[in-house]
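Everything on this sheet refers to the single structure shown next.
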Amino acid sequence: MSDIQEQIQAEVEQARAVCDVSGSNSPECAAAWDAVEELQAEASHQNQKKQKNSLEKYCDENPEAVECRVYDE
Numbered sequence: 031m032s033d034i035q036e037q038i039q040a041e042v043e044q045a046r047a048v049c050d051v052s053g054s055n056s057p058e059c060a061a062a063w064d065a066v067e068e069l070q071a072e073a074s075h076q077n078q079k080k081q082k083n084s085l086e087k088y089c090d091e092n093p094e095a096v097e098c099r100v101y102d103e
């Protein structure tokens with residue numbers, strides 16, 4: 031997760047630099063901030079991933095246990 035936060039920080043710095051050079055109403059500035067927004071959305075999505083319950087964790091560690099067997103119909 032730290033990696034995506036570092037990417038967000040780098041994109042924020044780049045967006046600020048682009049906006050300073052090209053102006054805050056330029057298409058380049060808008061595109062730079064769109065890139066920041068996309069990374070922030072991805073970070074949020076990663077945080078919302080479903081947490082495994084205790085049975086799922088147990089089955090990850092013990093896939094051959096009776097409780098974890100999956101039968102095809």
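Numbering (our numbering), first residue to last: 31 to 103.
Ideal Cβ positions, reconstructed from N, Cα and C, are used throughout, including at glycine.
These figures come from a predicted structure and were not determined experimentally.
- Task: Would you tell me roughly how many angstroms separate the C-alpha atoms of residue 58 and residue 47, rounded to the nearest one?
- Result: Along the sequence shown, one-based indexing puts residue 58 at 28. Along the sequence shown, one-based indexing puts residue 47 at 17. Going from the Cα of residue 58 to the Cα of residue 47 covers about 11 Å.
- Query: Does the region 33–42 touch the region 50–69, meaning 3 or more C-beta pairs lie closer than 8 Å?
  - Reply: Under the 8 Å Cβ criterion, the region 50–69 counts as touching the region 33–42, having at least three qualifying pairs.
- Query: Helix, strand or coil for residue 71 per DSSP?
  - Reply: Counting from 1 along the sequence shown, the entry for residue 71 is found at position 41. Looking at residue 71 - three-state DSSP - the assignment turns out to be helix.
- Query: Which residues in the same chain have their Cβ closer than 6 Å to the Cβ of residue 50, if we skip the five residues on either side of it in sequence?
  - Reply: Along the sequence shown, read from residue 1 onward, the residue named residue 50 stands at position 20. Closer than 6 Å at Cβ, skipping near neighbours: no residue.
- Message: Quick check: residue 69 and residue 37, are their CB atoms within less than 7 Å of each other?
- Response: Counted from its first residue, the sequence shown places residue 69 at position 39. Counted from its first residue, the sequence shown places residue 37 at position 7. Yes.
- Helix, strand or coil: which one does DSSP assign to residue 94? Numbered from its first residue, the sequence shown carries residue 94 at position 64. Residue state, collapsed to three classes: coil.
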